[in-house]
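Here the structure comes first, spelled out in structure tokens, and everything after it is commentary.
Below, the structure is given as structure tokens:
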């Protein structure tokens, strides 16, 4: 059991960063991480090694965060501050007809599945995510990692569905631009 605890303790900083991004409250994030680690310790005998321990523990944390977000969505929203990019931030990338400007077209990403398996890719991805405005990154992670639907995100963050789609689009565009600049254009495929 002490070996499992040592491994879990090694995941703690990453778990806390992820929980903080989603929950934006240090004590709530720390509680979620502690609960996830405790649940992992209590369920260590049931871990069947079909996935890596880190994946399993983050999955437990993900479900704890979803529960907290859903619970919060039932409470009145007090903080609706947005730190988003201007509405027209990505307009120069497209023609009047909505097509990519020639110089702004996405570069060839090679085999994206191979990149996803690369640990260094995830380090770069996390850095790109950190460069997005906080609320944009949070909404992107709620949708793409936590798997929340638009309605749940809107309730949790206090935005309209249209605003949510715009924020998700901006997040994807920001990540695409950052990944092309720092990963795909550097020949590290």
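In the numbering used here, the protein residues as written are 4 to 192.
Built from N, CA and C at the ideal position, the CB exists for glycine as well.
Model, not experiment: these values are computed from the prediction.
Checklist entry - Secondary structure at residue 128, three-state DSSP: helix, strand or coil? => result Helix, per DSSP.
Next on the checklist: Using 9 Å as the threshold, is the C-beta distance between residue 186 and residue 148 below it?
Outcome noted: No, they are not a contact pair.
Next on the checklist: With H, G and I counted as helix, E and B as strand and the rest as coil, what does DSSP make of residue 50?
Outcome noted: Note: residue 50 maps to coil in three-state DSSP.
Checklist entry - If you run the structure through DSSP and keep just helix, strand and coil, what is residue 148? => result Three-state DSSP puts residue 148 in coil, outside helix and strand.
Checklist entry - If we count Cβ pairs, one from each stretch, closer than 8 Å, do we get three or more for the region 157–170 versus the region 125–134? => result In short, these stretches do not touch, since the Cβ pair count stays below three.
Next on the checklist: Please list the terminal residues of the continuous alpha helix (DSSP H) segment that includes residue 164.
Outcome noted: Annotation for residue 164: the continuous alpha helix (DSSP H) segment containing it runs 164–185.
Item to check | N- and C-terminal bounds of the alpha helix (DSSP H) containing residue 29 | outcome: It spans 29–45 - the alpha helix (DSSP H) in which residue 29 sits, taken as one unbroken run.
Next on the checklist: Buried or exposed, going by whether 16 or more other CB atoms sit within 10 Å of the CB of residue 139?
Outcome noted: Residue 139 is buried by the Cβ-count criterion.
Checklist entry - When the Cα atoms are used, what is the spatial distance from residue 144 to residue 157? => result Distance from the CA of residue 144 to the CA of residue 157, rounded to the nearest whole angstrom, comes to 13 Å.
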